[in-house]
Structure formats: structure tokens, C-alpha cells
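Asks: Using this note's numbering, you'd call the opening residue of the sequence shown number 368 and step up by one each time. For glycine and all other residues, C-beta sits at the position ideal for the given N, C-alpha and C.
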Amino acid sequence: MEDRVKIEHHKFRQYLKLNGWKEFPSNRKSLDVFVEPKEDNPFEIFLPNNNYGNDYDLILRNALKAVSYVEDRDETLVALNINRIDKDLFNYRVSVDSQDSISVNLLTSLLESATYTLKEAATFEENRIYNNLTRKERESIRRRDEVDQFMEGCAFAHTWRGSFGVTIETPLQIVTTPLCDDIPDTLGRKTTKRILWGHKLISDGVEKGSADYIVEKLEAIEDVLMFERLPELRDSLGKNTINLDVKMSPIIPARTMIKGITKVRIDGTSLQILEKAIEQVKEPSSIKDVEIVGWPKTMSTSKEDLLKDVEEAERKVTVKGVCHEINATSLKMDLTLEDYRKAIQAQMQVKTVRVRCDVRKKHFGWEVTHVRSFELLD
368 MEDRVKIEHH KFRQYLKLNG WKEFPSNRKS LDVFVEPKED NPFEIFLPNN
418 NYGNDYDLIL RNALKAVSYV EDRDETLVAL NINRIDKDLF NYRVSVDSQD
468 SISVNLLTSL LESATYTLKE AATFEENRIY NNLTRKERES IRRRDEVDQF
518 MEGCAFAHTW RGSFGVTIET PLQIVTTPLC DDIPDTLGRK TTKRILWGHK
568 LISDGVEKGS ADYIVEKLEA IEDVLMFERL PELRDSLGKN TINLDVKMSP
618 IIPARTMIKG ITKVRIDGTS LQILEKAIEQ VKEPSSIKDV EIVGWPKTMS
668 TSKEDLLKDV EEAERKVTVK GVCHEINATS LKMDLTLEDY RKAIQAQMQV
718 KTVRVRCDVR KKHFGWEVTH VRSFELLD
């Protein structure tokens, strides 16, 4: 079998099952039979259940020819789809007139930006996984191994559409690949989702015509800075548009939260708003005076005696409620003894509080720098 159509038997089996072919055992231990779906006189093809034997390549070649005939598609295209069964695909396409050409600088910047975004998103997701491990679990792994393996598995893929652009394959990194509905998201799929949600955040900012909307979102620094290389496309993009279409592997079913955000439009307007958001994240805006109305959700102190006026005591309270100025739902703050007593009373009597405080944007959410007033409402 030629290199360009070489496929692995376990991926071939998954491909057939996902397309409705039925699997049956054969008289030979090393082979299984797959029967074409929805046909009165269906095709039957044989697939090896291991990668041994002198006839391994010949059996796969004959099976590929049969599937190509059934699907009425070129063998190479069928083989490409089989090989990509365990990968998410990022299809970047530059929208230009058929007689136009595009700058080499544009495609270079596109490749560099896409690669940078993949690595940053994967690193962020790996850090989240690592931070949730126990100390013993952390000792048994190297922190960046998974990211390095993920990036090593990413590859520029062949495209047959004849358009300007590039397809990037990103591996799901599933050790074993059973066909079922409950496979948890792997680092590869989490990376795909992180990038899609980042683009969704930018799209919402464009719709509202505001970079502030992007920056005020929780965890905005990671969502924004993974696209730090994207604004470099502005000069060479001009009036053209880049359309990103993400095709997710069917092995891990797309959860409901992903549906509807797999198509992304990148143009001068979105890049301009993204650039402003990046500038704000890198240089946080000045302190804001805000008001939050809600209730004390969590309380903690560094001293055993909560009601003793010890100077070095830390009294922390998280107020959950509504804060319109910064679109926040909770703020964590340090309180004086008097205000801490009010918070205790609010919890015990299930009362609402109104807090006026100064905040500034941090990497994760907002930091309260000073509490101006802490009022217990009736």
C-alpha cells in the first residue's frame, strides 16, 4: 500500500462503525467481517484485528477499495478521513477572489499565529489539570510532557479544496480508542474547546463593539493572550477575511456547549478589537469604584477567635451577588472586625449586604483593593 494511503486497522474499524457498518466474527481468528449498512445486497469486507501477518497490507488495500466504491470517493480521500478519525481539524481559509493572489507574509503569519495559539491553549489546559493533582501525583509526571507530546502530534494536513489556506490536525491523544459516548475530554479536545471559546469571546466583543467586554470576562488573560500573535495578520490581511472551520473528531462526541461555535470569522474589525483587549490585559486599567449587592457566600479568618480585635488577623469574605459596573458575580475582600461581624450576622439571619469597594483587573477576575463601606440591608 502506498505511503499516502497507508492506514491503521484500528482507525479503519472505528471509521466503519461510525458510518454504520456492522461487525461480525469470521472463521479466521485474525479477521473480522464488516457488512455495509442499509443495502439489500450489501458489501462485505474483511479487516485484520491485529497488525501482523504477511497479507496485512493487501487486506487493508482491498477493504479500502471496497469502501471507496461504496462511498463513490477517491481512495486517497477515504484514507485521509480514516487517518483523521482521532484528530480535530482546524481549517483556515483565506477568502479572496479566484483571480487574486495573497501575500506570503499573510500565510506565514497565519501559520505562526495558529501554532502559537495551539501551544498556549494546550499549556493553559495542562496547567489546570496539573493544579488539580495531588502532591504525590505531581511527583510522578513532568509538567510539560503532555503539551510537548500534543504539539509533536500536531501536523499540517493535506487539503483537496484548492483554496488558499491550511488545515492543521490536532491529536486527541486517546491511549485506547473505544467507540462509546462517555470518553472524557482529553488534552487535545480541551485545547480545541479553549480556542473555540476564545474566538467566541472575541466574536461577542465584536458584536458589542467593545474590547472592555472581552477583558471583563473571567480568565480573560488566558483567553486573550493565547491569540497574542493573531493581530500580526492585520497589515497583510487587508480587506480579506480568514474563515476558520473546526471539525471535531466523532470519537469524542461534541458536547452541547460546543455546538454552534465551530465556525469563526477573522477580519480587520475582530483583529482591531482583539488588539485593544490584549493591550488592556497586559496593562490593566486603573482602579474602579464599584458596588456589589448580595450575600456573604464564604468566610474565613486566620485567628481562632473571630470576634477578637487582633491587628494581624485576616478576615476574608466572598460576597456573591450583582455588580453591574464590572459584570462580576462575586468579589473576595478583606474586612475590618466591625464589618466581619456584619457579615456573620448576614449569614446567620440570611440578610443581604451592600458593599462599595475599589477593584482592579487581575489575571483571574477582579481584586478588591479597598472596602469603602459594608452595609447590612433589611
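In chain order, what are the residue ranges of uninterrupted alpha helix (DSSP H) at least 4 long that sit wholly in the segment 443-518?
Replies: 471-498, 502-506, all fully within the segment 443-518.
Asks: Helix, strand or coil, according to DSSP, for residue 740 in the structure here?
Replies: Strand at residue 740.
Asks: Closer than 8 Å by C-beta to residue 404: which residues in its own chain qualify, once you throw out the five before and the five after it? Chain order, please.
Replies: Within the same chain, residue 404 has close Cβ partners 386, 387, 388, 389.
Asks: Could you tell me the boundaries of the alpha helix (DSSP H) in which residue 430 lies?
Replies: Per DSSP, residue 430 belongs to the alpha helix (DSSP H) from 423-438.
Asks: Measuring straight from C-alpha to C-alpha, what distance separates residue 719 and residue 581?
Replies: If you take the alpha carbons of residue 719 and residue 581, they lie about 29 Å apart.
Asks: Looking at the strands, I want to know which residues DSSP matches up with residue 668.
Replies: DSSP, once it has assigned bridges, lists 682 as partnering residue 668.
Asks: What residue ranges within the segment 529-613 form continuous alpha helix (DSSP H) runs of no fewer than 4 residues, ordered along the chain?
Replies: You should have 554-575, 578-582, 587-592, 601-604.
Asks: What are the boundary residues of the beta strand (DSSP E) that includes residue 523?
Replies: Element bounds for residue 523: 522-524.
Asks: Report the three-state DSSP secondary structure of residue 387 (helix, strand or coil).
Replies: Of the three classes helix, strand and coil, the one that applies to residue 387 here is coil, per DSSP.
Asks: Which value, in whole angstroms, describes the spacing of the CA atoms of residue 603 and residue 472?
Replies: Approximately 7 Å, taken between the alpha carbons.
Asks: Which residues does DSSP pair with residue 404 in a beta bridge?
Replies: In the DSSP output, where bridge partners are listed per residue, residue 404 has none listed.
Asks: With DSSP as the reference, label residue 641 as helix, strand or coil.
Replies: The answer is helix: DSSP assigns residue 641 an H, G or I state.
Asks: Buried or exposed for residue 487, please, with buried defined as at least 16 other CB atoms from any protein chain shown within 10 angstroms of its CB.
Replies: Per the 10 Å Cβ criterion, buried.
Asks: Which residue marks the beginning of the beta strand (DSSP E) containing residue 711, and which one marks its end?
Replies: Looking at the DSSP string, residue 711 is not in any beta strand (DSSP E); the run it does join, the alpha helix (DSSP H), is 704-716.
Asks: Considering only the alpha carbon of each residue, which of 621, 422, 375, 608 lies closest to residue 633?
Replies: For residue 633, the nearest C-alpha among the options comes from 608.
Asks: Write down the C-beta distance between residue 743 and residue 712 rounded to the nearest angstrom, noting that I regard them as a contact closer than 8 Å.
Replies: Indeed they touch by this definition, with Cβ atoms about 6 Å apart.
Asks: Could you tell me the distance, in whole angstroms, from the CA atom of residue 428 to the CA atom of residue 506?
Replies: When rounded, the distance between both Cα atoms is 46 Å.
Asks: Taking the DSSP output, what are the residues bridged to residue 413?
Replies: Answer is 400, bridged to residue 413.
Asks: When you compare only the Cα positions, how much space is there between residue 643 and residue 578?
Replies: Rounded to the nearest angstrom, the two C-alpha atoms are 6 Å apart.
Asks: Where does residue 566 land, buried or exposed, given buried means 16+ other C-beta within 10 angstroms?
Replies: So residue 566 ends up on the buried side.
Asks: Contact defined as beta carbons within less than 8 Å: I believe residue 697 pairs with residue 683. What is the distance between those atoms, to the nearest angstrom?
Replies: Not a contact, Cβ separation roughly 12 Å.
Asks: DSSP three-state label for residue 646, please.
Replies: DSSP places residue 646 in helix when its eight states are reduced to three.
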